[in-house]
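Protein chains in written order, with my numbering: chain D, 11 to 423; chain C, 11 to 423.
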């Protein structure tokens, strides 16, 4: 099947998916989980092949680690599908409703997008995760995984499709999109057949999808997340939040990447902070003012305040005041999660008003900006764009809406 | 100023706009209205020039009519700005909020997009209308009007900017984007500087913007709107709704373009309907079954069921059952507004479940699918896409959101 045929088959499957009851979708999720669990041996074998090929090709070990599956990781994928079954169904939820003066009733209800394309990199667990989220939200999924995980993805998708068939749902609701670079191009230009594209991966992948697509894209983004320690900060809180936001899981997008310290508290805060960070194995890349506090601080290069380390590294700078911190964040931020530590209501208000990001935090760790922490139960990614969804995206964010307009013969005057 | 400089200036203006109180924005809208009213003579003169140039260039009269301003039309533009001042401010509205188990509070609030680009065709009234909607929703507006309306647009924008300045708001909140085709290209690729693009105009314009943009686009679309008269229809209601949806204002996107009639009621319905339509000056383009009812029916050509007439023309077809009507709508519909006339709850449910459109109507005229009729007070367009907003877009749809996450030192375990 070429991509066009796959997309047409997905649309046809989506037509039914959109009207399934929650009970049928939950039964399908459990059947998908069962089939995936049953395929464990086959999946581990296919994955071992993928891993061997990646090592032969000289892939770096960090990426091989993302690619590798274990029994525990597969159990996680299976449990993820079962957890989705326990969540409320977003489809059919009434967003709002009212009556027109002439008695016509207007009701805005959530409906699935239809066909969702996911373009992602090496992690094969995304395959089950994305398929499950799409199914629960009533969407057909076209999964464009990495060629490096092809064997694992094929076994996973085959199992998920067996699960769907076993409960009488068209297996084309979940399809793997295979082929060269030109297939990704076909997918990105399939406006009218694919309703939404969600890239999941590094900045390069996301940029390529955003630039090349005519299909609407939801950008799940990179996070150059800042912590600004205000002159009115509780410094104990600042130490705790900084350490947590930087080191609790440095490889994720909501981890802190840049520290900004108000000059008035630099003497009191930075020596303590640098000590604690060094103790946690964090390398600090500082401007001249920060370097002055410790020999362990590496002088920050010219581009050091851009982008993400995604590792135990932190850029740091002393600022003259809140205004300078806001300007810095506006220039270098990626619109993900930005934090102020302050006891001043006025400073907190100015910061939350001015900062243009998916999440703005006051005296809390940016690691809370996450679908799981927010209580969404499932998360397809964290949107850093402003259209449709911004911040953690759960099941509701995987839906569109439709107006139902009901009358008894009313016409417009 | 080149486009890049304009966009940077708009971003800077947007930073302030996003934090203005409603009172200041309403004062600005009244000041813009006053300045536009004061510029009436100048605007009529500039518009007369635009109209003369359009006639010289051989522009068809329907387009010249859209271009032409009168004192009454200018008064409408002025009143439109004042009406916006009377509407609630969407910015700062709490969408939802909750507490995490550890006491951290999460609040999702509406915030402006930032910089909105509007690309539109000949109607110069869109200039004031779009500028006002953007201002009320806290967004800076980059207005890319048609070169045919350049004189009118320049006078309008200059007046609106004088209004902004008179109340101390940066005039770069409203800017006209001038230049050749390459400037439109710059605007469509200004991702990061422009937050959203909204094309307003014909299908060709919208397609070009969708295809050429890396900036997220909200598609305000064409409407090939169907009316399906079910076997269980109240035929008096069907006649009234058909006549209203087709003839009350045939040039707009929510007018009916195609009639589908269940075979079981064709004998009872079509002779009456064709009579009433003929009496209202409507030319019916029918399939063979419809042609059989009247000599006045023109045989429908092969592409007759695609696209919009936007005039006193209607395509018509007899279908065997509801399923065939649904298939027809799925194949030919543009996802705008689709109507069923029926007294059967089961038929209504099947229709509203299956039809994939911004609005699905039961026993009511599709002319109600409109921001004004819905009570939104203002409308930037009717979205036929599924991302962000679907259906009539009021002020709330001109906003994004931001999560405020507030704690007292909480960190993630």
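We put the beta carbon where it would ideally sit given N, CA and C, even for glycine.
Note that the coordinates shown come from a computational prediction; the quantities given were computed from them, not determined experimentally.
Residue-chain proximity (residue i, chain D), Cβ-Cβ < 7 Å
{"i": "residue 251 (chain C)", "result": "yes"}
{"i": "residue 238 (chain C)", "result": "no"}
{"i": "residue 416 (chain C)", "result": "yes"}
{"i": "residue 308 (chain C)", "result": "no"}
{"i": "residue 15 (chain C)", "result": "no"}
{"i": "residue 29 (chain C)", "result": "yes"}
{"i": "residue 247 (chain C)", "result": "yes"}
{"i": "residue 89 (chain C)", "result": "no"}
{"i": "residue 419 (chain C)", "result": "yes"}
{"i": "residue 36 (chain C)", "result": "no"}
DSSP three-state assignment for residue i, whether helix, strand or coil
{"i": "residue 403 (chain D)", "result": "strand"}
{"i": "residue 164 (chain C)", "result": "helix"}
{"i": "residue 20 (chain C)", "result": "helix"}
{"i": "residue 81 (chain C)", "result": "helix"}
{"i": "residue 350 (chain C)", "result": "strand"}
{"i": "residue 209 (chain C)", "result": "strand"}
{"i": "residue 61 (chain D)", "result": "helix"}
{"i": "residue 393 (chain D)", "result": "strand"}
{"i": "residue 199 (chain D)", "result": "coil"}
{"i": "residue 295 (chain D)", "result": "strand"}
{"i": "residue 88 (chain C)", "result": "helix"}
{"i": "residue 96 (chain D)", "result": "coil"}
{"i": "residue 326 (chain C)", "result": "strand"}
{"i": "residue 134 (chain D)", "result": "coil"}
{"i": "residue 272 (chain D)", "result": "strand"}
{"i": "residue 14 (chain D)", "result": "helix"}
{"i": "residue 25 (chain C)", "result": "helix"}
{"i": "residue 301 (chain D)", "result": "helix"}
{"i": "residue 194 (chain D)", "result": "helix"}
{"i": "residue 362 (chain C)", "result": "helix"}
{"i": "residue 117 (chain D)", "result": "strand"}
{"i": "residue 247 (chain C)", "result": "helix"}
Cβ-Cβ separation, residue j to residue i (assumed contact under 8 Å), whole Å
{"i": "residue 152 (chain D)", "j": "residue 125 (chain D)", "result": "6 Å"}
{"i": "residue 369 (chain C)", "j": "residue 182 (chain C)", "result": "About 37 Å separates the two Cβ atoms, so there is no contact after all."}
{"i": "residue 325 (chain D)", "j": "residue 268 (chain D)", "result": "4 Å"}
{"i": "residue 167 (chain D)", "j": "residue 184 (chain D)", "result": "6 Å"}
{"i": "residue 240 (chain C)", "j": "residue 352 (chain C)", "result": "4 Å"}
{"i": "residue 122 (chain D)", "j": "residue 24 (chain D)", "result": "7 Å"}
{"i": "residue 374 (chain C)", "j": "residue 114 (chain D)", "result": "5 Å"}
Beta carbon proximity, residue i to chain C, threshold 7 Å
{"i": "residue 371 (chain D)", "result": "yes"}
{"i": "residue 195 (chain D)", "result": "no"}
{"i": "residue 374 (chain D)", "result": "yes"}
{"i": "residue 411 (chain D)", "result": "yes"}
{"i": "residue 377 (chain D)", "result": "yes"}
{"i": "residue 18 (chain D)", "result": "no"}
{"i": "residue 422 (chain D)", "result": "yes"}
{"i": "residue 258 (chain D)", "result": "yes"}
{"i": "residue 93 (chain D)", "result": "no"}
{"i": "residue 254 (chain D)", "result": "yes"}
{"i": "residue 285 (chain D)", "result": "no"}
{"i": "residue 205 (chain D)", "result": "yes"}
DSSP bridge partner residues for residue i (one or two, in chain order)
{"i": "residue 409 (chain D)", "result": "D:122"}
{"i": "residue 235 (chain D)", "result": "D:266"}
{"i": "residue 371 (chain D)", "result": "D:349, C:415"}
{"i": "residue 230 (chain C)", "result": "C:393"}
{"i": "residue 127 (chain C)", "result": "C:152, C:207"}
{"i": "residue 172 (chain C)", "result": "Answer by DSSP bridge pairing: none, since residue 172 (chain C) is not bridged."}
{"i": "residue 107 (chain C)", "result": "C:117"}
{"i": "residue 184 (chain D)", "result": "D:151"}
Residue i CB to nearest heavy atom of the ligand COA below 6 Å
{"i": "residue 139 (chain D)", "result": "This structure does not include the ligand COA; it has no bound ligands of any sort."}
Inset, instruction - Could you name the residues of the segment 384 to 405 of chain C whose beta carbon sits closer than 9 Å to any beta carbon of chain D, in the order they occur along the chain? - result: 384, 385, 395, 396, 397, 398, 399, 400, 401, 402
Legend entry - Contacting positions in the segment 99 to 113 of chain D - beta carbon closer than 8 Å to chain C: 108, 110
Inset, instruction - For the segment 209 to 228 of chain C, enumerate the residues whose C-beta is nearer than 7 Å to any C-beta of chain D, in chain order. - result: 220, 221, 224, 226
Legend entry - Residues, ordered as in the chain, of the segment 53 to 77 of chain D that lie near chain C by beta-carbon distance below 7 Å: none
Inset, instruction - Note down, in chain order, all residues in the segment 174 to 198 of chain C with a beta-carbon under 9 Å from any beta-carbon belonging to chain D. - result: none
Inset, instruction - Select from the segment 347 to 362 of chain D all residues with a C-beta closer than 7 Å to any C-beta belonging to chain C, and list them in chain order. - result: 362
Legend entry - Interface residues of the segment 118 to 150 of chain C facing chain D [CB-CB below 7 Å]: 123, 124
Legend entry - Cβ-based contacts, 8 Å cut-off: residues of the segment 310 to 340 of chain D near chain C: 340
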